[in-house]
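A.B. asks: I'd like to ask you about the structure that follows.
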Amino acid sequence: MKVKEIKAKTILRKHKKIDSWFLSRYGMNIYRGCIHNCAYCDGRSEKYNVSGDFGCEVQVKINAIEVLRRELDAEKKKMAAEKEFIMLGGGVGDSYQPIEEKYRFSRKALELLYEKDFPVSILTKSTLIERDLDVIKKINEKNKAIVSFSFSSACDKISSIFEPGVPSPSERLKTLKLFKKSGIPTGIFLMPVIPFITDKPEILNDTIDKAKKADVDFIIFSGMTLKKGRQKDYFFDVLKKNYPELIIDYSNIYKDNPWGNPAAEYHDYIQKIFSVISKRYKIPVRIPYYLFKDFLSENDLVVVILEQIDYMIKNLGGKSPYGFAAYSISKINKPLSSIKNDLRKIKGVGPATEKIILEILETKNSKYYEKLMAF
Ligand code: SF4
């Protein structure tokens with residue numbers, strides 16, 4: 566492993582709109598590059614400009630905590646009384662990859678977020694997070710902490726091929742159980758599901774069954790993207806070595822989509838299988854409302870609920886205006902409660918959406934939303 570210490574100008578990444586999958590307004594990466602070396606890792610794509618040999622080299626932002634402290638103070642002033650989740654993890658390097666044992670920057674960042682009074686959402690694939698159970702517990706008691714793990718399946722054998730540098734799914738599930746038993750909300754990001762390998766109904770069923778037994782609060786599913794260039798080439802090399810018979814099938818579903826998405830028919834097909842199984846197990850497929858209702862600004866709460874409604878309707882095969890309305894609302898700088906009489910002037914907001922927004926502003930919930938999310 567090659568380690569390069571660098572000085573960062575910024576640590577926090579403020580999203581243009583709240584990311585309703587992860588609930589975050591802010592993301593952060595302390596490490597660039599990831600020794601976990603997952604074959605499908607999106608961080609390998611040229612789009613993210615991670616220099617060096619991805620999977621073997623890591624850049625460490627050596628001044629991360631000092632910069633983060635400065636940024637949190639500035640953001641806090643702008644946010645007034647609101648609290649928004651800060652996400653640790655995802656992106657171009659796991660926050661709990663082995664180098665964290667030495668630098669302890671993820672731990673120090675969490676201590677700082679505790680001190681500054683922010684809720685936190687963490688995504689990792691590493692059981693090293695158990696080391697920080699004490700500080701995560703404190704954040705959860707003061708605000709809210711959600712710990713999620715990503716999986717491509719719960720199969721240890723398949724994981725050893727595609728995720729060579731991470732603890733096995735069995736170990737990850739044990740860690741999730743530990744956090745849940747300690748009173749911390751947990752979730753699984755079943756992403757990416759690997760086409761023709763971990764998308765088989767029996768494997769999906771096994772993964773969801775194990776997630777249910779680990780008592781996770783939610784499981785969020787996504788297919789695999791393969792962007793042309795470094796990411797796709799690396800994945801195809803691993804595929805050729807281990808599943809050469811699948812090369813043609815992959816070439817058929819991964820054409821030249823600029824975002825690396827597989828063919829829409831394939832995506833719809835696996836989405837349906839996932840929906841049927843998750844329904845059978847009565848497991849939420851989005852972060853449940855009770856975990857975020859008290860930790861978002863009113864506009865963000867409306868955006869997240871509308872986007873979750875949109876997802877559920879489309880999952881049922883319907884058409885939905887709610888995603889577009891959520892997008893328009895995300896661009897509004899004033900609190901929605903201050904423009905209650907003008908909601909219909911917002912692009913995409915018709916009478917039904919207006920009714921839902923008003924209900925959320927008044928009760929922080931929507932009956933229609935609750936009905937859609939129920940099993
Ligand atoms: S753990 Fe995450 S960031 Fe690291 S290689 Fe795997 S997918 Fe990429």
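Each residue of the sequence shown is one higher than the last, beginning at 566 in our numbering.
Don't be surprised by glycine CBs; every beta carbon is placed ideally from N, CA and C.
(1) In or out: LEU866 buried (at least 16 other Cβ within 10 Å) or exposed?
(2) If I'm right that LEU856 touches LYS709 with Cβ under 8 Å, what's the distance once you round it to whole angstroms?
(3) Residues in its own chain within less than 7 Å of LEU693 by CB, not counting five upstream and five downstream?
(4) Could you tell me which of PHE786, ILE768 and ILE762 sits nearest to TYR808, measuring between CA atoms?
(5) Under a three-way DSSP split, which group does LYS673 fall into?
(6) Should the region 608-623 be called in touch with the region 667-678, which here means at least 3 C-beta pairs below 8 Å?
(7) Going by DSSP, which residues form a beta bridge with PHE857?
(8) Given 8 Å as the limit, is there contact between the region 821-841 and the region 788-799, that is, 3 or more CB pairs closer than that?
(9) Can you tell me which residues form a DSSP beta bridge with PHE754?
(10) Counting along the chain, where does the beta strand (DSSP E) carrying ILE595 start and finish?
(11) Give every residue of the same chain whose Cβ lies closer than 7 Å to the Cβ of ILE925, excluding the five residues on either side of it in the sequence, and list them in chain order.
(12) CB-CB under 8 Å to LEU633, same chain, minus the five flanking residues each way: which ones, in chain order?
(13) Please give the ranges of any alpha helix (DSSP H) in the region 619-656, keeping only runs that are unbroken, at least 4 residues long and fully inside the region.
(14) Quick one: residues in its chain with C-beta nearer than 8 Å to the C-beta of PRO853, no 5 flanking neighbours on either side, listed in chain order?
(15) DSSP has ALA710 in a bridge; who is on the other side?
(16) For LEU881, count neighbouring C-beta atoms within 10 Å of its own C-beta (all shown protein chains included) and say buried if the count is 16 or more, exposed if not.
(17) Are LYS912 and SER893 closer than 8 Å when you measure CB to CB?
(18) Output needed for VAL615: all residues of its chain with C-beta closer than 7 Å, excluding positions within five of it in sequence on either side, in chain order.
(19) Assuming ILE943 contacts PRO750 under a Cβ cut-off of 8 Å, what Cβ separation, rounded to an integer in Å, is found between them?
(20) Only counting the same chain, and skipping five residues up and downstream in sequence, which positions put a Cβ closer than 7 Å to that of ASN628?
(21) Return the CA-CA distance between LYS739 and HIS601, expressed in angstroms with no decimal places.
(22) Check whether the Cβ of ASP659 sits closer than 7 Å to any heavy atom of the ligand SF4, and report yes or no.
(23) Have a look at the DSSP bridge pairing and note the partners of LYS899.
(24) Let me know the secondary structure DSSP gives LEU577 once reduced to three states.
(25) Assuming contact is defined by CB atoms lying nearer than 8 Å, are PHE727 and CYS603 in contact in what I supplied?
(26) Check whether the region 829-847 and the region 770-778 touch, using three or more Cβ-Cβ pairs below 8 Å as the test.
(27) Taking 8 Å as the threshold (C-beta atoms), are LEU688 and GLY655 in contact?
(28) Run the proximity test for CYS621: is its beta-carbon closer than 7 Å to any non-hydrogen atom belonging to the ligand SF4?
(29) Considering only heavy atoms of the ligand SF4, does any lie closer than 7 Å to the CB of GLY888?
(30) In the structure shown, what three-state DSSP assignment does SER816 receive?
(31) Which residue or residues does DSSP assign as beta-bridge partners of LYS569?
(32) If you count every other CB in all the chains shown that lies within 10 Å of the CB of ILE759, and 16 or more means buried, which is it?
(33) Can you tell me which of the three DSSP states LYS582 falls into?
(34) Which value, in whole angstroms, describes the spacing of the CA atoms of ASP771 and SER717?
(35) Since SER715 and SER724 should fall inside the 8 Å C-beta cutoff, what is the C-beta to C-beta distance between them, to a whole number of angstroms?
C.D. replies: Taking the structure as given:
(1) buried
(2) 7 Å
(3) TYR661, GLU665 and GLU666
(4) ILE762
(5) helix
(6) no
(7) In DSSP, PHE857 forms no bridge with anything.
(8) yes
(9) SER715 and ILE785
(10) Per DSSP, ILE595 belongs to no beta strand (DSSP E) and is neither H nor E.
(11) LEU866, VAL867, ILE870 and SER931
(12) ILE576, LEU577, MET593, ALA674 and LEU677
(13) 629-644
(14) ASP782, PHE783 and MET938
(15) VAL685
(16) exposed
(17) yes
(18) ARG597, GLY598, GLY608 and VAL657
(19) This structure does not reach residue 943, given that the chain is present from 566 up to 940, and the question cannot be answered.
(20) LYS572 and ALA573
(21) 19 Å
(22) yes
(23) Paired residues: none, contrary to the question.
(24) strand
(25) yes
(26) yes
(27) yes
(28) no
(29) no
(30) helix
(31) GLN624
(32) buried
(33) strand
(34) 12 Å
(35) With a Cβ gap of about 11 Å, SER715 and SER724 do not count as contacting.
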